[in-house]
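These notes concern the structure reproduced below.
Right, here's the structure in full:
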């Protein structure tokens, strides 16, 4: 799924994710229980990783990094695009953050992907800062955890 999204981005002129998949990051997220799948019928149509681990290069102490959940590697399959699945997943993360007493959901987006920046801005996020990160990421966004846009499909968590 990640590789297909990287190809999709490359075909649109983006340099985002144009490196080999870092499977150790994905495997660690799965092992920790932080990687979630979005499924419709019998098909996986998306994934999102959510954790409480703030990168100190992106979220310094003055941001109160322990007061947020952090979104990583949100990927939507082509069959799920255009349905606001990403918006619904972000609302779901906000609910998880609120349930554990955190006030923010945060993420860092690819610095050069301005279309992705517009996507997050249109979903209630604010750009906090852009950090020079050698990985290409570093556009730091946040939105209050209690914001729910109510777009997209209903998401049900299955244990």
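Numbering (the working numbering), first residue to last: 993 to 1151.
Beta carbons: idealized from backbone N, C-alpha and C, even for Gly.
The beta carbons of residue 1061 and residue 1097 sit about 5 angstroms from each other, so the pair counts as a contact at 8 angstroms. Under DSSP, residue 1062 takes part in a beta bridge, and its partners are 1043 and 1098. Distance between residue 995 and residue 1033, taken at the CA atoms: about 23 angstroms.
For residue 1139, no alpha helix (DSSP H) encloses it, and the DSSP letter there is neither H nor E. A straight line joining the alpha-carbon of residue 1024 with that of residue 1052 spans about 24 angstroms. The Cβ atoms of residue 1102 and residue 1128 sit closer than 8 angstroms to each other. The way I'd put it, the region 1030 to 1044 doesn't touch the region 996 to 1008; fewer than three beta-carbon pairs between them come closer than 8 angstroms.
Nearest to residue 1077 by C-alpha distance, out of 1107, 1108 and 1031, is 1031. Between the alpha carbons of residue 1107 and residue 1114 lies a gap of roughly 11 angstroms. Excluding sequence positions up to five before and after residue 1068, its CB lies within less than 6 angstroms of the CB of 1038, 1077 and 1078, all in the same chain and listed in chain order.
Inclusion of residue 1147 and residue 1081 in the CB contact set at 8 angstroms is warranted, their separation being smaller than that value. Following the DSSP letters along the chain, one finds residue 1000 inside the alpha helix (DSSP H) bounded by residues 994 to 1003. Taking 3 residues as the minimum length, the beta strand (DSSP E) runs contained wholly in the region 1068 to 1114 are 1096 to 1101, in order along the chain.
Per the coordinates, the alpha-carbon of residue 1112 lies some 12 angstroms from the alpha-carbon of residue 1083. Rounded to whole angstroms, residue 1118 and residue 1136 show a C-alpha spacing of 10 angstroms.
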